[in-house]
């Protein structure tokens with residue numbers, strides 16, 4: 269939303285915006301109640317979401333929470349919590365572009381440096397499954413694309 273507003277500000281310099289250019293405002297306003305509800309629900313259940321994803325991740329492949337002989341589950345939890353909170357905000361304000369620019373590109377560099385792309389890929393795939401269990405369908409439909417963005421940016425081994 270903020271990125272779209274900034275683009276609109278630049279594009280309409282000195283003129284009124286067209287109905288087409290203002291359409292994103294209408295779409296945002298229509299989905300705002302669901303976005304706010306989802307944001308609050310994610311905030312209230314974040315500990316459960318993180319715990320369930322970690323449990324599933326550990327059962328799927330315990331090596332994803334290790335770096336050599338070191339247990340990195342504490343670091344995984346801190347990083348995942350940070351991304352979850354930024355993601356919830358990106359969903360609330362409908363601005364995945366801001367999420368990418370403010371957090372994901374930086375974290376992508378860090379995850380690549382530590383070879384953690386596979387862990388990120390599995391984490392955010394599982395996070396989508398868990399979110400769908402805890403959010404109503406309409407709210408999950410708003411949040412899961414953000415989680416998929418996290419998965420594709422942070423879990424991308426080929427890039």
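Numbering (the working numbering), first residue to last: 269 to 427.
Glycine included, each C-beta is placed from N, C-alpha and C at the ideal position.
None of the values given here were measured: they were computed from a predicted structure.
For a test of the three-state rule: what should DSSP assign to residue i, helix, strand or coil?
i: residue 337; result: coil
i: residue 418; result: helix
i: residue 281; result: coil
i: residue 382; result: coil
i: residue 423; result: coil
i: residue 403; result: coil
i: residue 297; result: helix
i: residue 287; result: helix
i: residue 269; result: coil
i: residue 310; result: helix
Could you tell me how far apart the beta carbons of residue i and residue j are, in whole angstroms, since I believe they sit closer than 8 angstroms?
i: residue 306; j: residue 407; result: 4 angstroms
i: residue 414; j: residue 358; result: 5 angstroms
i: residue 341; j: residue 382; result: The pair is not a contact, with the Cβ atoms about 14 angstroms apart (cut-off 8 angstroms).
i: residue 288; j: residue 276; result: The Cβ separation is near 11 angstroms, so there is no contact.
i: residue 400; j: residue 388; result: Going by Cβ atoms, the distance from residue 400 to residue 388 rounds to 19 angstroms, so no, they are not a contact pair.
Taking residue i as the reference, give the member of the options with the closest Cα.
i: residue 291; options: 334, 303, 272 and 281; result: 272
i: residue 394; options: 332, 301 and 382; result: 332
i: residue 369; options: 286, 294 and 418; result: 418
i: residue 416; options: 344, 300, 400 and 392; result: 392
i: residue 354; options: 281, 311 and 423; result: 311
i: residue 424; options: 390, 281 and 411; result: 390
Can residue i and residue j be called in contact, C-beta distance under 7 angstroms?
i: residue 363; j: residue 270; result: yes
i: residue 309; j: residue 371; result: no
i: residue 321; j: residue 421; result: no
i: residue 405; j: residue 360; result: no
For residue i, does the count of other Cβ atoms within 10 angstroms reach 16, so buried, or fall short, so exposed?
i: residue 374; result: exposed
i: residue 325; result: buried
i: residue 367; result: buried
i: residue 284; result: exposed
i: residue 384; result: buried
i: residue 396; result: buried
i: residue 348; result: buried
i: residue 337; result: exposed
i: residue 376; result: buried
i: residue 258; result: What is shown of the chain runs 269 to 427, which leaves residue 258 out entirely.
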